[in-house]
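2 protein chains.
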Amino acid sequence: MLLQTATTIRNQHVKGPVAAGPENFLFAGCPELIGARLSYRRDEEIYGEAEEAEFVYKVVSGAVRTYKVLNDGRRQIGAFHLPGDLFGFESSTTHKLTAEAVTETVVLVFKRRTLEYFATRNVEVARQLWTLTACSLDQAMERLLLLGRKTAAEKVATFLLEMDQRMHPTGAISLPMTRRDIADYLGLTLETVSRTISQLQAEGMVALSSARQITVQRRSKLRELGSEDVYQ
Amino acid sequence: MLLQTATTIRNQHVKGPVAAGPENFLFAGCPELIGARLSYRRDEEIYGEAEEAEFVYKVVSGAVRTYKVLNDGRRQIGAFHLPGDLFGFESSTTHKLTAEAVTETVVLVFKRRTLEYFATRNVEVARQLWTLTACSLDQAMERLLLLGRKTAAEKVATFLLEMDQRMHPTGAISLPMTRRDIADYLGLTLETVSRTISQLQAEGMVALSSARQITVQRRSKLRELGSEDVYQ
DNA sequence: CGTTAATTTGACGGGAATCAAGGGGAGTGG
DNA sequence: CCACTCCCCTTGATTCCCGTCAAATTAACG
């Protein structure tokens with residue numbers, strides 16, 4: 009990874025879409041903070057659990073999964089990070105999850121210490137970093153409700169709506185992850201995910217042009233099925 | 009605990025244990041920040057989901073649960089807050105969960121805006137507030153793994169170990185919450201929680217002097233059963 | 001075009017939920 | 001002081017959703 013840093017530091021041009029979000033304003037007024045560009049192949053590890061958290065990452069293109077595993081291999085994906093998303097930002101000095109590229113992925117890397125230095129000098133930056141963490145916490149709370157109390161159908165419906173909103177505000181969803189990834193994100197098995205999607209398709213709520221290309225057909229019906237939190 | 013420092017300024021006797029943690033140093037150097045003392049009866053609401061987040065709270069004695077509910081009443085408890093814990097601290101202007109007293113509870117209340125004012129003036133306070141949120145996020149990630157991938161026995165074992173650590177580093181655990189609360193925390197039913205605790209008792213891992221008074225007998229065995237995250 | 005991975009679908013089983021009933025402890029009022 | 005009541009907890013019987021095991025189909029890739 010250090011080798012990679014060396015090679016990619018030269019080509020500074022950033023390609024790919026950068027989603028809107030609070031993180032876009034994060035580095036406002038900090039032109040010194042230029043990240044190095046790094047590429048990862050499919051399934052390549054970006055950082056490991058318990059590793060020192062030296063860098064903070066921003067997805068340029070592709071997708072990243074962060075996860076935890078139990079001793080016997082059971083895996084829980086904490087989050088999928090899509091273009092524009094920041095990840096790897098910890099309060100602790102070590103990472104609490106492992107990060108891997110879901111597909112061919114390009115990220116920008118920032119030195120954590122540099123970021124923290126700016127935070128100590130600029131109150132606004134400090135506030136934005138905190139807001140970022142707090143937003144992740146809100147999302148985590150929503151996921152606790154999903155994992156603890158929703159049925160398989162509700163989980164999948166919620167997932168598809170989330171992806172629909174995050175990837176293409178309109179149009180087909182182009183999923184970068186496998187059914188197994190989705191299963192490990194929702195606390196299900198890949199077979200249950202597959203079966204549930206098939207059923208949603210049979211009921212006309214979604215349409216599949218391929219396994220990874222899904223279009224939401226009846227958003228309101230899907231939303232109803234997703235049984236969101238009462239206040240939301 | 010600054011909070012506690014604040015209380016002890018005029019009221020020297022603070023009852024109840026105050027857990028150690030990063031929040032204890034939160035308000036160092038801000039003696040102006042004195043919280044009002046409030047009491048809540050069992051099951052009384054402290055704040056509601058979607059309500060404006062005007063205050064931040066610190067548990068003095070008793071216990072608080074924060075939770076979300078689905079439209080049909082299914083409930084997921086996000087966290088239990090014990091003496092010494094801070095809660096209700098949001099990045100958003102509104103609360104994302106409901107907070108209720110589990111038992112007779114006393115809290116200290118602080119104006120959120122005052123806290124934020126100190127954060128803008130003191131970098132160290134800002135950092136501690138961020139650390140607090142980040143720690144909650146780490147705990148949430150651990151709970152995602154539990155809810156998504158652990159069995160009933162593993163969930164209950166993990167819960168008992170957590171409570172044992174948080175309540176009395178040694179000695180019997182005195183649970184303030186019902187079996188239903190535990191179930192809604194672990195994504196189970198109250199019957200399954202009851203059955204599982206009975207089984208742990210039969211296997212000699214824990215001993216019950218009453219339903220709410222539990223002693224861990226074989227911590228290593230229980231920890232093994234809890235199947236913690238590989239790196240932890 | 002062959003090889004391998006990903007996905008789908010079916011059959012079956014099991015772990016936890018649901019339904020139901022019985023005990024026990026704390027508080028209350030007679 | 002004791003009976004009564006209301007929860008809370010425990011335990012049993014049964015159901016069912018989802019996991020497991022298995023196989024076929026499709027897609028991806030060199």
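Quick note, the sequences are listed as chains A and B, same order. Every number in my numbering is 8 more than the matching position in the first sequence, counting from 1. Every number in my numbering is 8 more than the matching position in the second sequence, counting from 1. Think of the CB as a built atom: it goes at the ideal place given N, C-alpha and C, for glycine as much as any other residue.
| Check | Outcome |
| --- | --- |
| Backbone secondary structure at B/Tyr-65 - three-state DSSP | strand |
| Three CB pairs or more closer than 8 Å across the region 66-79 of chain B and the region 100-120 of chain B | yes |
| Coil, strand or helix - A/Leu-2 by DSSP | Given that chain A is displayed from residue 9 to residue 240, the structure contains no residue 2 of chain A and the question cannot be resolved. |
| Start-to-end residues for the beta strand (DSSP E) that takes in B/Phe-88 | 83-89 |
| Check whether A/Arg-50 and B/Gly-195 have beta carbons under 8 Å apart | no |
| 8 Å Cβ cutoff, B/Ala-142 in contact with chain A | yes |
| Alpha carbon of A/Asp-172 to alpha carbon of A/Arg-220, nearest angstrom | 12 Å |
| Whole-number beta carbon distance between A/Ala-61 and A/Thr-122, since they are thought to touch under 8 Å | At roughly 13 Å, the Cβ-Cβ gap does not stay under 8 Å, so A/Thr-122 and A/Ala-61 are not in contact. |
| Residues in the region 150-173 of chain A having any Cβ partner in chain B nearer than 8 Å | Glu-150, Arg-151, Leu-152, Leu-153, Leu-155, Gly-156, Arg-157, Lys-158 |
| Proximity to B/Pro-177 [Cα-Cα], best of B/Ala-71, B/Thr-223, B/Val-110, B/Leu-230 | B/Thr-223 |
| B/Tyr-193 in three-state terms, based on DSSP | helix |
| Chain B residues whose Cβ lies nearer than 9 Å to that of A/Arg-82 | Leu-153, Gly-156, Arg-157, Lys-158, Ser-235 |
| Cα-Cα separation, A/Leu-154 to A/Tyr-239 | 15 Å |
| Residue burial classification, B/Thr-106 (beta-carbon count within 10 angstroms, cutoff 16) | buried |
| Span of the alpha helix (DSSP H) around A/Leu-169 | 160-175 |
| Inter-residue spacing [alpha-carbon to alpha-carbon] between A/Val-214 and A/Gly-96 | 33 Å |
| Residues of its chain near B/Glu-112, where Cβ-Cβ distance is below 7 Å and the 5 sequence neighbours each way are ignored | Arg-49, Arg-50, Gly-70 |
| Inter-residue spacing [alpha-carbon to alpha-carbon] between B/Ser-202 and A/Glu-236 | 29 Å |
| Alpha-carbon spacing of B/Phe-126 relative to A/Lys-229, whole angstroms | 46 Å |
| Cutoff 8 Å: B/Thr-128 Cβ touching any chain A Cβ | yes |
| Exposure of A/Asp-80, with buried meaning 16 or more beta-carbon neighbours within 10 Å | exposed |
| Bridge partner(s) assigned by DSSP for B/Ala-148 | Paired residues: none, contrary to the question. |
| Three-state class that DSSP yields for A/Glu-59 in the structure shown | coil |
| Distance between beta carbons of B/Ala-161 and B/Thr-246, contact taken as under 8 Å | For chain B, the structure presents residues 9 to 240; residue 246 of chain B sits outside this window and is missing. |
| Residue environment, A/Ile-42, which counts as buried when at least 16 other CB atoms sit within 10 Å | exposed |
| Reference A/Ser-182; option with closest CA among A/Glu-211, A/Ile-85, A/Leu-216 | A/Leu-216 |
| A/Ala-191 to A/Arg-83 span [Cα, whole Å] | 9 Å |
| Sheet register partners of B/Ala-215 (DSSP bridge) | B/Thr-223 |
| Status (buried if at least 16 other CB within 10 Å, exposed otherwise) for B/Glu-199 | exposed |
| Euclidean distance between Cα positions of A/Val-131 and A/Glu-124 | 11 Å |
| Pair within 8 Å by beta-carbon distance, B/Arg-45 and B/Met-185 | no |
| Whole-Å CB distance - B/Leu-169 paired with B/Arg-231, under 8 Å assumed | 6 Å |
| Separation of A/Val-110 from A/Gly-86, as counted between CA atoms | 13 Å |
| Beta strand (DSSP E) runs contained entirely in the region 85-144 of chain B, provided each spans 3 or more residues | 106-109, 113-119 |
| Three-state secondary structure assigned by DSSP to A/Leu-78 | strand |
| Span separating the alpha-carbon of A/Lys-76 from that of A/Glu-57 | 8 Å |
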